[in-house]
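Chains as they are written, first to last, in this note's numbering: chain A, 1212 to 1485; chain B, 3 to 294.
Every residue gets a Cβ at the ideal spot worked out from N, C-alpha and C, and that includes glycine.
In this text the structure is predicted, and so the values were computed from the model without any measurement.
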């Protein structure tokens, strides 16, 4: 039981970061549940039907989903704000129906037989991704992303290739969601299309919003708190959506920037200016 | 048979249109997506269930749905949109209303259970038919279609010819200029939410009457398709939402007729994605009214 909770917390941290990476460039994606599904299924097919070792299957799934993410993003990122929300929601529904109607991967019945992922694998991935994101948050690239997010036209005028940055972020987010999906499928050993409905994408976005969208610790905190809180407090588990919704509504009213609102790069630059 | 499927499609489409009208009204006035709208629609169906469980006549469910769903709309405006007026807050408002929607779903599931609840209707209502041009058509479908079309005509008249409608159009054009000209923008926002939510409630109620049950997940299945329809018709475009809704309803009915079943479900999303990529202003948008 404890192991399961730890595992799902780790997966949710990875998913929250996958949304966070895309948000770095100012785009909100409701398709990360779909990318997770694609990762889970492609890694599962590679290891079950082609007997690939798990690590290789995961890497291939993440790479393929990242490329797919880039392909989706290139036209989609021409649109902004609510249009992108609609587009990514559409992608989620299309992937869902596609999975249900594709008999090779089990259709509605699901795909089974994957094994090998443990809690250690997941937290290994969390640490690895966390270190990379931390390095990113102190790098030159973070400033460019901040510029793109705050004002795309100014960023473009400063010579930043905004489209390129946005597509790369979207692809990286998709790849990370696929990695989380692959780990999930190799831990659960059985997956069905209904595991990856639109609500998965919605919840992951809300984890990030809850924790704060401006630094990587916000996404981590949101995922940990909102995954574990209902389990820790007895009797709360059955009221999960209600508690979850109320927390988000109140938090957005009280501090719209999330629980951890600070922006690491901005803090650093202020110190340098002095 | 084909004619009947097309009628089914039009009936279904008119309900898509009613829900899409609500999305597009709110988007036109505030430039924001109301993700609690699908849940308002869902609530309408449960008003019918509650009314028949309490033994009230079914016509009484209509005013109840208008009042309850309208009140929910006011609440959503207050909680999720009042504070997030600026253009930067688009995403914040969408997420906040999404969270309100989750709360509504959970409350309904706690009260009625998470399985679909069947709606007891008098047999006479279900099976009565009328003969139009030699074809036997279910009376209830014709009645629902008539109510839906009346509501759409009423909305059109309201927006085009009344003081309330003039204010709504003024705020949709520019909230700042409207405020400078003495329009009470907050009141207009509230009116918009009440109108949109009442329409959604009626649509949910009629869908429950048509199918014979109310389900707590239709906000995320049926309701969210109306969101796609709004985008197809052009965000903020009332005629686009009506035409788009009926179009999608007919396409889905024809997909069922020709055995495509599930694929009919994605058609609306694929069309939406194409429209957003190729013609983001919407299929029906005239060039005089552009919305970025």
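is_contact[residue i, chain A] using C-beta, thresh 7 Å
| i | result |
| --- | --- |
| residue 92 of chain B | yes |
| residue 233 of chain B | yes |
| residue 98 of chain B | yes |
| residue 8 of chain B | no |
| residue 172 of chain B | no |
| residue 105 of chain B | yes |
| residue 80 of chain B | no |
| residue 268 of chain B | yes |
| residue 256 of chain B | no |
| residue 239 of chain B | no |
| residue 291 of chain B | Here the model assigns residue 291 of chain B a pLDDT of 46, short of 50, so the residue's position is not dependable, and the following value carries that caveat. No, its Cβ sits nowhere closer than 7 Å to a Cβ of chain A. |
| residue 143 of chain B | no |
| residue 73 of chain B | no |
| residue 284 of chain B | no |
| residue 101 of chain B | yes |
| residue 346 of chain B | What the structure shows of chain B is the stretch from 3 to 294, and residue 346 of chain B is not part of that stretch, so it cannot be assessed. |
| residue 275 of chain B | yes |
Residue i in three-state terms, based on DSSP
| i | result |
| --- | --- |
| residue 16 of chain B | helix |
| residue 1495 of chain A | The structure shown does not extend to residue 1495 of chain A, since chain A is modelled only from 1212 through 1485, so no value can be given for it. |
| residue 120 of chain B | strand |
| residue 1318 of chain A | helix |
| residue 1243 of chain A | helix |
| residue 1375 of chain A | helix |
| residue 132 of chain B | strand |
| residue 216 of chain B | strand |
| residue 1408 of chain A | coil |
| residue 1482 of chain A | Residue placement at residue 1482 of chain A is poorly supported in this model, since its pLDDT is 47, which falls under 50; the coordinates are not used for a value here. |
| residue 1292 of chain A | coil |
| residue 75 of chain B | helix |
| residue 1250 of chain A | helix |
| residue 1433 of chain A | helix |
| residue 1323 of chain A | strand |
| residue 1261 of chain A | coil |
| residue 34 of chain B | coil |
| residue 264 of chain B | helix |
| residue 56 of chain B | coil |
Range covered by the alpha helix (DSSP H) that runs through residue i
| i | result |
| --- | --- |
| residue 175 of chain B | 165-175 |
| residue 140 of chain B | Careful: residue 140 of chain B lies outside any alpha helix (DSSP H), inside the beta strand (DSSP E) at 137-140. |
| residue 251 of chain B | 240-259 |
| residue 1277 of chain A | 1265-1287 |
| residue 1363 of chain A | 1363-1368 |
| residue 1229 of chain A | 1213-1235 |
| residue 1468 of chain A | Run containing residue 1468 of chain A: none; DSSP gives neither H nor E here. |
| residue 184 of chain B | Residue 184 of chain B -> no alpha helix (DSSP H), and no H or E assigned at all. |
| residue 223 of chain B | First-last for residue 223 of chain B: undefined, no H or E at that position. |
| residue 1347 of chain A | 1330-1348 |
| residue 96 of chain B | 92-114 |
Cβ distance (whole Å) where residue i is taken to contact residue j below 8 Å
| i | j | result |
| --- | --- | --- |
| residue 1376 of chain A | residue 1236 of chain A | 6 Å |
| residue 1297 of chain A | residue 3 of chain B | The pair is not a contact, with the Cβ atoms about 35 Å apart (cut-off 8 Å). |
| residue 206 of chain B | residue 56 of chain B | The pair is not a contact, with the Cβ atoms about 18 Å apart (cut-off 8 Å). |
| residue 81 of chain B | residue 54 of chain B | About 30 Å separates the two Cβ atoms, so there is no contact after all. |
| residue 1207 of chain A | residue 1344 of chain A | Nothing about residue 1207 of chain A can be read from this structure; chain A reaches only from 1212 to 1485. |
| residue 11 of chain B | residue 254 of chain B | 6 Å |
| residue 266 of chain B | residue 19 of chain B | Actually they are not in contact, since the Cβ atoms of residue 266 of chain B and residue 19 of chain B sit about 17 Å apart, beyond 8 Å. |
| residue 252 of chain B | residue 15 of chain B | 6 Å |
| residue 22 of chain B | residue 232 of chain B | 5 Å |
Within-7 Å CB hit, residue i to chain B
| i | result |
| --- | --- |
| residue 1460 of chain A | yes |
| residue 1285 of chain A | no |
| residue 1305 of chain A | yes |
| residue 1292 of chain A | yes |
| residue 1420 of chain A | yes |
| residue 1234 of chain A | no |
| residue 1301 of chain A | yes |
| residue 1378 of chain A | no |
| residue 1426 of chain A | no |
| residue 1456 of chain A | yes |
| residue 1472 of chain A | no |
Cutoff 7 Å: residue i Cβ touching any chain C Cβ
| i | result |
| --- | --- |
| residue 219 of chain B | Absence of chain C from the displayed structure is noted, the protein chains being A and B. |
heavy atom of the ligand ZN below 6 Å from residue i C-beta
| i | result |
| --- | --- |
| residue 1283 of chain A | With respect to the ligand ZN, the structure shown offers nothing to examine, as it has no ligands at all. |
If you pair each beta-carbon of the region 1438-1457 of chain A with each one of the region 220-235 of chain B, do three or more pairs fall below 8 Å? no
Are three or more beta carbon pairs between the region 1260-1272 of chain A and the region 1286-1306 of chain A nearer than 8 Å? Taking one beta carbon from each stretch, the region 1260-1272 of chain A and the region 1286-1306 of chain A have fewer than 3 pairs nearer than 8 Å; the two do not touch.
Inter-stretch contact at 8 Å, needing at least 3 Cβ pairs: the region 237-253 of chain B / the region 29-38 of chain B: yes
Segment contact flag, the region 1314-1322 of chain A with the region 1391-1403 of chain A, C-beta cutoff 8 Å, min 3 pairs: yes
Taking 8 Å as the threshold, find out whether the region 1277-1285 of chain A comes into contact with the region 1372-1387 of chain A through three or more Cβ pairs. yes
Can at least three beta-carbon pairs, one atom from the region 1464-1471 of chain A and one from the region 107-119 of chain B, be found at a separation below 8 Å? no
When you compare the region 133-143 of chain B with the region 65-75 of chain B, are there three or more beta-carbon pairs, one atom per stretch, that lie closer than 8 Å? no
Please confirm if the region 1408-1425 of chain A is in contact with the region 1251-1267 of chain A, defined as three or more CB-CB distances below 8 Å between the two stretches. With a cut-off of 8 Å on Cβ pairs, the region 1408-1425 of chain A is not in contact with the region 1251-1267 of chain A, counting fewer than three such pairs.
Is the region 1302-1310 of chain A close to the region 269-283 of chain B, with three or more CB pairs under 8 Å? yes
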